[in-house]
Amino acid sequence: MNIEKLRELGANVDEGLERCMGMEDFYLEMIELGLSDDRFEALGKALEEGNLDGAFEDAHALKGVVGNLALTPLYETVSEITENLRTKVQTDYEVIYKKILSQREAFLQ
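The number in my numbering is simply the position in the sequence shown, starting from 1, with 39 added.
So this is what it looks like as structure tokens:
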């Protein structure tokens, strides 16, 4: 992963770097740590079990993580599932979750 690839994937690199005091290596390290957050898997498990309250807690936490990292496309998808879970909208959460995992994987490559 590098800054150019992050830009190509739609991350707001300038915002992310600003949050990391302009330190590129630190920003990249924070992205790696954020994307390895166990709550990605916990979200999937909660959804699988039908635990929408638990899924909301995991999604809400992930929204903060990816938002602070300025990973805009992933943030938008995590925000979508968070708001759907907040209001308990009846939707196919698996489709949104798979999109989250796909976007996460793109940022990890």
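Glycine is no exception: its CB is placed at the ideal position from the N, C-alpha and C atoms.
Quiz item: Any idea if Asp-97 is buried or exposed, counting beta-carbon neighbours within 10 angstroms, 16 or more meaning buried?
Solution: buried
Practice problem: Count the other CB atoms, across all protein chains shown, that sit within 10 Å of the CB of Gly-89; report buried if there are 16 or more and exposed otherwise. | Solution: exposed
Quiz item: Where does Gln-142 fall in DSSP's three states?
Solution: helix
Quiz item: Out of curiosity, what's the CA-to-CA distance linking Ile-139 and Met-69?
Solution: 18 angstroms
Quiz prompt | Beta carbon of Arg-143 nearer than 8 angstroms to that of Leu-113 | solution = yes
Quiz prompt | Residue nearest to Asp-76 in terms of C-alpha spacing, selected from Ile-120, Glu-122, Asp-131, Val-105 | solution = When each option's Cα is compared against that of Asp-76, the closest is Val-105.
Quiz item: Where does Gly-16 sit, in a helix, a strand or coil, going by DSSP?
Solution: Outside the displayed span of the chain (40 to 148) sits residue 16, for which this structure offers no information.
Exercise. Determine the direct distance from the alpha carbon of Leu-101 to that of Phe-65, and round the result to whole angstroms.
Key: 19 angstroms
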